[in-house]
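Data first, discussion second: the structure below is written as structure tokens.
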Amino acid sequence: MLRRLRGQLQPKVVSFYLRRFTTARVYQSCRVGCASGFWGDTMCAAPQLVRHGNIDYLAFDYLSEITMSLLTAAKQKNPEFGYTPDFIHYVMTPLLAEIKQKNIKVLANAGGVNPHQCAKVLAQLAAEKGVELNIAVVEGDDLMPKVIIAI
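Taking my numbering, the leading residue of the sequence shown gets 15, the next gets one more, and so forth.
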């Protein structure tokens, strides 16, 4: 069940209450903040949510058809590209310590067509900052290996 939170931190930032059903049949509130709706969306939402949102989860949605085509083109030029670098360098890196300290779970599709490289770069930057993270990767957005070129 989703209910819109009455007060918003900023017009583009929306928080929701999710009800988690625990094994003891007790409902527990869970706050989810969405910090982006597309690649290029404002980068000031994540710091506001992390610092003032009292959230449990921080979500980012970067992918659209145009974004996927841009990321595919970038990966074809350099196999280490294909993810949204803004997520790593301008959003996550400055907030890593606060996210870890507040035990906020981050959900993002920022890996695009190269999610393993995105996770690798994020892990390297976290290690440099001394922040230990658990990073999971979901595959399936890169369909280029399955494309058959018709002549």
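Heads up, the beta-carbon is just placed ideally off N, CA and C, and yes, glycines get one too.
As the structure is a computational prediction, the values presented were derived from the model and not from experiment.
Outcome for residue i when other beta-carbon atoms lying within 10 angstroms are tallied against a minimum of 16
i	result
residue 24	With a pLDDT of 40 at residue 24, under the threshold of 50, the modelled position of that residue is not reliable, and the figure given next carries that caveat. Result: exposed.
residue 99	exposed
residue 144	exposed
residue 131	buried
residue 93	exposed
residue 31	Model confidence at residue 31 stands at a pLDDT of 47, short of 50, so the residue's coordinates are unreliable and nothing is read from them.
residue 80	exposed
residue 59	buried
DSSP three-state assignment for residue i, whether helix, strand or coil
i	result
residue 72	strand
residue 43	strand
residue 132	helix
residue 49	strand
residue 152	coil
residue 104	helix
residue 142	helix
residue 63	helix
CB contact flag (residue i, residue j, <7 Å)
i	j	result
residue 149	residue 137	yes
residue 89	residue 151	no
residue 51	residue 70	no
residue 77	residue 49	no
residue 97	residue 57	no
residue 101	residue 124	yes
residue 109	residue 64	yes
Terminal residues of the alpha helix (DSSP H) in which residue i lies
i	result
residue 89	79 to 91
residue 122	Not the alpha helix (DSSP H): residue 122 falls in the beta strand (DSSP E), residues 119 to 122.
residue 56	Element bounds for residue 56: n/a, residue is neither H nor E.
residue 111	107 to 115
7 Å Cβ shell around residue i - same chain, five flanking residues per side excluded
i	result
residue 106	136
residue 153	129
residue 111	143, 145
Sequence-distant residues of the same chain with beta carbon closer than 8 Å to residue i, five excluded per side
i	result
residue 121	71, 72, 73, 74
residue 61	108, 109
residue 68	45
Beta-carbon contacts of residue i that lie in its chain and below 6 Å, excluding the five residues immediately before and after
i	result
residue 133	149, 151
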